[in-house]
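K.L.:
Below are the structure tokens for one structure; questions will follow.
Number of protein chains: 2
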Amino acid sequence: MLCKDTVRGNILEAAKKRFVHYGYAKTTMAEIAADCNMSPGNLYRYFPGKLDIAEAICTEAGEHAIAKLRDVLKRPGRSAKERLRDFVFADMRLTYEQIEYDKQVFEMARVISMERPQFANRILALHRALLSEILAAGNASSEFSIEDVVFTAEMLQSATMKFRYPQLHSKLPYDKLERELEGVIHLVLNGLDDGGAGRELPRMPKEGLKSETLVTI
Amino acid sequence: MLCKDTVRGNILEAAKKRFVHYGYAKTTMAEIAADCNMSPGNLYRYFPGKLDIAEAICTEAGEHAIAKLRDVLKRPGRSAKERLRDFVFADMRLTYEQIEYDKQVFEMARVISMERPQFANRILALHRALLSEILAAGNASSEFSIEDVVFTAEMLQSATMKFRYPQLHSKLPYDKLERELEGVIHLVLNGLDDGGAGRELPRMPKEGLKSETLVTI
DNA sequence: TGTTTGAATGTTTTGTTGAATATTTACCCG
DNA sequence: CGGGTAAATATTCAACAAAACATTCAAACA
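Those protein sequence lines, which keep their order, are chains A and B.
If you're matching positions, the first sequence starts at 178 in my numbering and goes up one per residue.
If you're matching positions, the second sequence starts at 178 in my numbering and goes up one per residue.
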């Protein structure tokens, strides 16, 4: 959590409250300063600008989410494949809930990834590291025999990107997303040879799905 | 091609020239009409509105692209897996070139998918049908044993969406995209068991790639 | 009667201006 | 000096007027 003891932490706390409640754009530096009993100018002694305050908040939140995902992997007695499924589904649910929960967080995230492309990269790198861990564990248990774990993790991240950036699938409701992720992860885990995505999946009724599988850009 | 003999085809030709050269927004109905030696009002006898002209043009272009992809599948002596690779790579190259080639086409496509969600769905359905053909052929040759071809085609489309909607990967240069598609399609064709994405791929030097695999939203 | 026109209409875009707000700077205090 | 302020400046935003435009329609045409 953001430490309230330091001036810097104090600022972050105050800003976070405002950003989450009123949104990034609707929050002024003057307001944040007032909440901290200081003048607007003084904020610039602690952060280069407004965006950097938001970035610090989001970094903290992102790392917190990664920590949660790490917890998911701690569950004992799961095979590597099961862990991989656990992971991607937990991941999708986390981000989806985050977005649903409030639009303000979403706004912040969008602004930051627009203005600071490197921000998302840092979070993605952490995420990729977890994927690598899963794959490496699968190698260790002889469940997989993956030559280049890091590269494969990158590819997995690529294949499931759609389920982690809800901006990209705005129009798809959660149940359809879940169905797609189920199919994709099955393809990845088993390949096409063993019956494709269709076998042994908990299937949904099919009518009405075809024409709505769209990512509306 | 858009037939220049009919009034309707004439309008489409004129509009296409303007849209491609000046962009959708910067083209006025009056200009299109002037190019066809008619008054603006008369355009509405042939199309409900400006957007419908653009939609007709894009539908034609989309079907043309699908036809090209169909040609790719005609190449003899390829296994089903090879055909699948051929297909997705040709597809990516086609759309990428289209976008690179000029921003105006891109603008049109975006406007249409915003205002006419069903438009993209129709093209996606055609695309999915081709995927189904490939899978069915693979079943016929015993290369695959896919139970539900249509569902699996949907999943494949989902997994490779990123490579077909360049909006989503704006920041990735073509060679990196190709590398990712290579990895993803390998995962899908062979699953994780046989060495993951890393084996037997024409690999690139790895430095500098990690932190740029980002979809900047 | 089937086409075309071009002015009329209402909507969208564009341009402008003043106010809000982010950021900087010069200055104070202990 | 570290820690702060408050006024000065630069940028962004919002409201509103003007212009451009898509669309409509009554009239002309053939």
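Cβ coordinates follow ideal geometry from the N, Cα and C atoms, glycine included.
Grouping DSSP H, G and I as helix and E and B as strand, with all else coil, what is Ser318 of chain B?
P.N.:
coil
K.L.:
Quick one, are the C-beta atoms of Val282 of chain B and Asp263 of chain B less than 8 angstroms apart?
P.N.:
no
K.L.:
If we define contact as Cβ-Cβ less than 8 angstroms, is Val392 of chain B a contact residue for chain A?
P.N.:
With a pLDDT of only 39 at Val392 of chain B, under the threshold of 50, the placement of this residue in the model should not be trusted, and no figure is reported.
K.L.:
Looking only at its own chain, which residues have a Cβ that is under 7 angstroms from the Cβ of Ala330 of chain B, when we skip the five neighbours before and after it?
P.N.:
Arg305, Leu308, Ser309, Leu312
K.L.:
Which chain B residues are close to Ala336 of chain A, counting only those with a beta carbon under 7 angstroms from its beta carbon?
P.N.:
Ala336, Val361, Leu364
K.L.:
So with CB distances below 7 angstroms, who are the chain A contacts of Lys193 of chain B?
P.N.:
Near Lys193 of chain B there are no residues of chain A at all, since even the closest Cβ is about 22 angstroms away, more than 7 angstroms.
K.L.:
I'd like to know whether the C-beta of Phe224 of chain B is nearer than 8 angstroms to at least one C-beta of chain A.
P.N.:
no
K.L.:
When you compare only the Cα positions, how much space is there between Ser290 of chain B and Leu369 of chain B?
P.N.:
35 angstroms
K.L.:
Quick one: list the residues of chain A neighbouring Lys339 of chain B, beta-carbon separation under 9 angstroms, in chain order.
P.N.:
By Cβ distance, chain A contributes Ser335, Ala336, Met338, Lys339, Leu345.
K.L.:
Taking 8 angstroms as the limit between beta carbons, can you name the residues of its chain near Asn367 of chain B, skipping five residues before and five after?
P.N.:
Excluding positions up to five away in sequence, the list is empty.
K.L.:
Over what stretch of residues does the alpha helix (DSSP H) that includes Asn214 of chain B continue unbroken?
P.N.:
Counting along the chain, Asn214 of chain B falls outside any alpha helix (DSSP H), and DSSP gives it neither H nor E.
K.L.:
Figure out for me which residue from A:Arg260, A:Ser256, A:Gly254, A:Asp212 has the closest Cα to the Cα of Arg247 of chain A.
P.N.:
A:Arg260
K.L.:
Could you check if His363 of chain A is buried or exposed, using at least 16 other CB atoms within 10 Å of its CB as the buried criterion?
P.N.:
It is buried - the Cβ of His363 of chain A has at least 16 other Cβ atoms within 10 Å.
K.L.:
Below 8 angstroms between beta carbons: does that hold for Ala401 of chain B and Glu320 of chain B?
P.N.:
With chain B represented from 178 up to 394, any question about residue 401 of chain B goes unanswered, as that position is not in the structure.
K.L.:
Could you give the distance in angstroms between the alpha-carbon of Pro217 of chain B and the alpha-carbon of Phe224 of chain B?
P.N.:
11 angstroms
K.L.:
With a threshold of 8 angstroms between beta carbons, is Glu292 of chain B in contact with chain A?
P.N.:
no
K.L.:
With Lys227 of chain B as the anchor, note down where its alpha helix (DSSP H) starts and where it stops.
P.N.:
227–251
K.L.:
Going by CA-CA distance only, name the one from B:Gln334, B:Lys280, B:Ile300 that's closest to Tyr201 of chain B.
P.N.:
B:Lys280
K.L.:
Tell me the rounded alpha-carbon separation between Glu324 of chain B and Ile243 of chain A.
P.N.:
Between the alpha carbons of Glu324 of chain B and Ile243 of chain A lies a distance of about 37 angstroms.
K.L.:
Nearest to Glu292 of chain A by alpha carbon, out of A:Val361, A:Asp229, A:Val184?
P.N.:
In terms of CA proximity to Glu292 of chain A, A:Asp229 leads the group A:Val361, A:Asp229, A:Val184.
K.L.:
The stretch 269–288 of chain B: which residues have C-beta closer than 7 angstroms to a C-beta of chain A, in chain order?
P.N.:
Against chain A - using a Cβ distance shorter than 7 angstroms - the residues of the stretch 269–288 of chain B are Arg287.
K.L.:
List the endpoints of the continuous alpha helix (DSSP H) containing Gly254 of chain B.
P.N.:
Gly254 of chain B -> no alpha helix (DSSP H), and no H or E assigned at all.
K.L.:
Show which residues of chain A have a CB atom less than 8 angstroms away from the CB atom of Phe264 of chain B.
P.N.:
Ordered by position in chain A, no residue passes the 8 angstroms Cβ test against Phe264 of chain B, which lies about 13 angstroms from the chain.
K.L.:
Could you say which of A:Ala191, A:Leu333, A:Ile188, A:Ala314 lies nearest to Pro253 of chain A if we only look at CA atoms?
P.N.:
A:Ala314
K.L.:
Interface residues of chain A around Glu310 of chain B at Cβ under 9 angstroms?
P.N.:
Correct list: empty, because the minimum Cβ distance to chain A is about 14 angstroms.
K.L.:
In three-state DSSP terms, what is Phe224 of chain A?
P.N.:
If DSSP states are grouped into helix, strand and coil, Phe224 of chain A belongs with coil.
K.L.:
Flag Glu259 of chain A as yes if its beta-carbon sits less than 8 angstroms from any beta-carbon of chain B, otherwise no.
P.N.:
When Cβ-Cβ separations below 8 angstroms define contact, Glu259 of chain A makes no contact with chain B.
K.L.:
Reducing DSSP to helix, strand and coil, say where Tyr154 of chain B ends up.
P.N.:
This structure cannot speak to residue 154 of chain B, because chain B is shown only from 178 to 394.
K.L.:
Smallest Cα separation from Leu303 of chain B: which of B:Ala231, B:Thr236, B:Arg185?
P.N.:
B:Thr236
K.L.:
Tell me where the alpha helix (DSSP H) around Tyr351 of chain A begins and ends.
P.N.:
351–367
K.L.:
Is there a C-beta anywhere in chain B that falls below 8 angstroms from the one on Phe196 of chain A?
P.N.:
no
K.L.:
Can you tell me whether DSSP reads Ala398 of chain B as helix, strand or coil?
P.N.:
Because chain B here runs from 178 to 394, residue 398 of chain B falls outside it and cannot be looked at.
K.L.:
At least one CB of chain A closer than 8 angstroms to the CB of Glu357 of chain B: is that the case?
P.N.:
yes
K.L.:
Start and end of the alpha helix (DSSP H) containing Gly186 of chain A?
P.N.:
184–199
K.L.:
Should Met206 of chain B be flagged as near chain A, meaning a C-beta pair shorter than 8 angstroms?
P.N.:
no
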